[in-house]
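Note that the working numbering has the sequence shown beginning at 1, numbered continuously upward.
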Amino acid sequence: MSHTKEEWQSGAVEYNFRERDFRPPEGSESSWNAWSESTVGTDWETYRREGPGMSAFALEEGLVYQTYSAYERGIDVLWGMYPWLDRAPRGRNETGAWWRRHDEYDIQ
1 MSHTKEEWQS
11 GAVEYNFRER
21 DFRPPEGSES
31 SWNAWSESTV
41 GTDWETYRRE
51 GPGMSAFALE
61 EGLVYQTYSA
71 YERGIDVLWG
81 MYPWLDRAPR
91 GRNETGAWWR
101 RHDEYDIQ
């Protein structure tokens, strides 16, 4: 789902059937940009303006019906690595950016 620059700047974009503000907290823009640039190769705003989601449609007797839609965590099943991570001893261990290499986990 795409959002316009104006929607992004207003802080009120509709995503997953509700209004959200995807702008980084005040003063943390550089850390969010560093994360997204190292991970996906672009700044946070450009990355987040294209929110992940999928929809299915059916055409019946000339009418188009939206039969299914999922956003954010609802599309995990489509991404091959997520089911494996869900079964790992610590799962995804999500806080912020959820992936970490095996040697970066805190010992508990």
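All C-beta atoms in this analysis are idealised placements derived from N, C-alpha and C, irrespective of residue type, glycine included.
Quick caveat, the model's predicted, so the values are computed rather than measured.
Limits of the beta strand (DSSP E) - the one that residue i falls within
i	result
Glu196	The requested residue 196 does not occur in the structure, where the chain is confined to residues 1 to 108.
Residue i - DSSP class collapsed to helix/strand/coil
i	result
Ser38	helix
Arg73	helix
Ser2	strand
Glu61	coil
Glu19	strand
Length of the line joining the Cα atoms of residue i and residue j
i	j	result
Trp44	Ser10	16 angstroms
Thr42	Arg23	15 angstroms
Glu6	Ser38	26 angstroms
Asn16	Arg48	13 angstroms
Any non-hydrogen atom of the ligand FMN within 6 angstroms of residue i CB
i	result
Thr39	Summarising the ligand content, the structure contains no ligands, and the ligand FMN is consequently not present.
Span of the alpha helix (DSSP H), counted from its first residue to its last, around residue i
i	result
Glu6	Lys5 to Ser10
Buried or exposed (CB count within 10 angstroms, at least 16 for buried), residue i
i	result
Val13	buried
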